[in-house]
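Okay, structure first, notes after.
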Amino acid sequence: MRRLVFLTVILILSISCSNKTDDGVKLVNVDFGKGQYEEPFVFLSSKPRILVKSLEYTPNFFLSDTIVLEKTFSIGFNEESIRSKSTAFVQLVDSTGFSPKGISVYFNDSLSSNGWYEIKPSLQEQDLKIKLKLDPDRGEHIFYGNVIIKADELDLINELNVQEENIVIGEWKVKQEISWPILLWIIWFIIVSFILVFLGILIKFIFEIFIWLGSVLNTSIASSSELKVVPNADRPYKRVEIDAVFKKTKTKLHAEAVIRGKGEALFQDCYTGKVLRGGDLYDYEHIRSSEEIYMKYRDILTNEEIAEVVNCEENVKVTLRSINQSKGKRRFEEWASQSIIMKHNICIKTSKENTKIADIGIKKAIKNLNR
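Under our numbering, the first residue of the sequence shown is numbered 1, with each subsequent residue one higher.
Here is the structure:
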């Protein structure tokens with residue numbers, strides 16, 4: 001009794017067409033269709049390998065690293081082939097008869113290590129799923145070849161008398177294409193923009209840290225410089241620095257007086273309280289004399305610092321020239337005798353108020369120097 005196996009092909013995803021060879025062999029044309037890779041540098045004629053596979057550049061999680069295409073067939077054995085424990089093996093080969101390069105072949109989700117897949121006989125039809133996993137390294141390419149059956153104790157396959165161990169029962173084909181991914185470029189552009197913004201913020205942050213460290217260092221240096229030692233605490237009285245600052249102070253006070261008098265300098269005498277105008281014989285007065293302040297603070301202040309203290313706005317006022325020349329370098333309390341008060345019409349209340357303000361201003365100026 002003849003032993004035979006019938007292989008009935010049912011294509012799930014597309015309709016295949018059958019043809020016959022010159023020897024009357026019934027062949028099945030299996031077209032797996034085409035797969036498409038998205039490669040942003042497809043237009044470059046020559047490029048490093050890193051730019052070829054979509055898997056190898058970010059963000060690769062948006063793309064598949066391989067193309068997988070599959071077809072499903074139904075296979076059935078007759079009773080006689082089952083009783084004789086016949087077996088069949090199926091294999092996909094390229095046009096040269098070898099395993100196709102650039103393709104991994106899976107039968108029912110099992111990788112075909114040696115190229116062959118054993119079909120065990122069964123009374124019920126079996127589903128045979130052939131899955132092709134393509135390698136993007138091959139680029140644009142059309143793969144094709146034959147489907148081979150190796151029979152054991154079988155006489156017929158697809159109505160064909162088996163005369164050889166291996167027989168071609170069909171042809172297969174699959175196409176691989178490379179495309180240009182606009183979506184991937186947009187994703188890259190967004191990611192690169194975020195990276196550039198982040199780097200800009202990071203650089204700015206580092207720059208501000210350096211500025212802050214510089215200010216802290218300068219503050220530390222300034223603080224240490226406050227513990228200065230004046231070279232000569234017994235140095236003689238000098239007016240050079242005092243006169244330089246005094247000149248600037250007088251210019252400022254005159255400008256304020258002109259504004260106050262709406263075009264004409266307007267002052268109040270610091271000792272008499274009377275109004276003085278431009279054209280009157282008045283002088284700018286140090287309520288506490290520059291020599292007194294110099295000699296008192298020369299052991300802790302430099303000449304420049306003493307000049308700032310002497311010419312603080314609370315200590316520089318205006319009085320009549322006759323009063324200024326009469327008082328000289330003396331303290332107000334020592335100078336203002338009864339006869340002097342009568343002679344120059346001194347206002348005790350105004351004089352004491354201005355003297356108190358001058359003392360407070362001098363202390364304030366010294367405190368500001370030590371900040």
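Beta carbons are placed, not taken as given, at the ideal position from N, Cα and C, and that holds for glycine.
So, under 8 Å CB-CB, residue i and residue j are touching, yes? Tell me the CB distance rounded to an integer number of Å.
i    : j    : result
G273 : E264 : Not confirmed; about 19 Å, so no contact.
Y106 : S112 : 7 Å
L123 : I75  : Incorrect: roughly 12 Å between the Cβ atoms, too far for contact.
R125 : Q176 : Sequence check: residue 125 is Glu here, not Arg. With 8 Å as the limit, E125 and Q176 do not qualify as a contact, their Cβ atoms being about 32 Å apart.
Going by beta carbon distance, what residues of the same chain come within less than 6 Å of residue i, once the five residues before and after it are set aside?
i    : result
A257 : A265, L266 and F267
I242 : S290, A307 and V310
T350 : G273
Cutting at 7 Å between CB atoms, please list the residues of its own chain near residue i, excluding the five before and the five after it.
i    : result
E118 : T87 and F89
T355 : I287 and F332
P236 : none
I206 : none
N303 : K238 and E241
Going by DSSP, which residues form a beta bridge with residue i?
i    : result
Q268 : V275
N166 : K150
H141 : Q176
H286 : V316
F107 : S110 and I130
Q36  : E177
E171 : N29 and N146
V93  : N146
V68  : K133
Measure the Cβ-Cβ separation of residue i and residue j and say whether it is below 9 Å.
i    : j    : result
N146 : V93  : yes
V310 : S337 : no
Y284 : K317 : yes
V95  : L132 : The sequence given here has Ser at residue 95, not Val. Going by C-beta atoms, S95 is not nearer than 9 Å to L132.
D280 : L320 : yes
I346 : Y271 : yes
C312 : K248 : no
I167 : I149 : yes
I142 : V192 : no
E314 : I366 : no
Y282 : N324 : yes
A233 : R330 : no
W335 : S322 : no
I341 : I348 : yes
Apart from the five residues just before and just after residue i, which ones in its own chain have a Cβ nearer than 8 Å to its Cβ?
i    : result
V68  : G35, K131, L132, K133 and L134
V245 : A307, E308, V310 and N311
V32  : The question names Val, but residue 32 in the sequence shown is Phe. L69, E70, K71, L132, W172, K173 and V174.
E292 : K329 and R331
D22  : Confidence is the limiting factor: at D22 the pLDDT is only 40, short of 50, which leaves the residue's position unreliable, though a coordinate-based value still follows. Excluding positions up to five away in sequence, the list is empty.
Judging by CA-CA distance, which residue of the options is the nearest neighbour of residue i?
i    : options                   : result
N370 : A358, T219 and A233       : T219
E305 : V240, K327 and N324       : V240
E171 : D269, F207 and Q91        : Q91
G97  : Y144, I195 and L217       : Y144
H344 : I300, E353 and D269       : D269
K101 : A255, G115, S110 and D109 : G115
Please find out if some non-hydrogen atom of the ligand HEM comes closer than 8 Å to the beta-carbon of residue i.
i    : result
S339 : Among the ligands in the structure shown, none appear at all, so the ligand HEM cannot be discussed.
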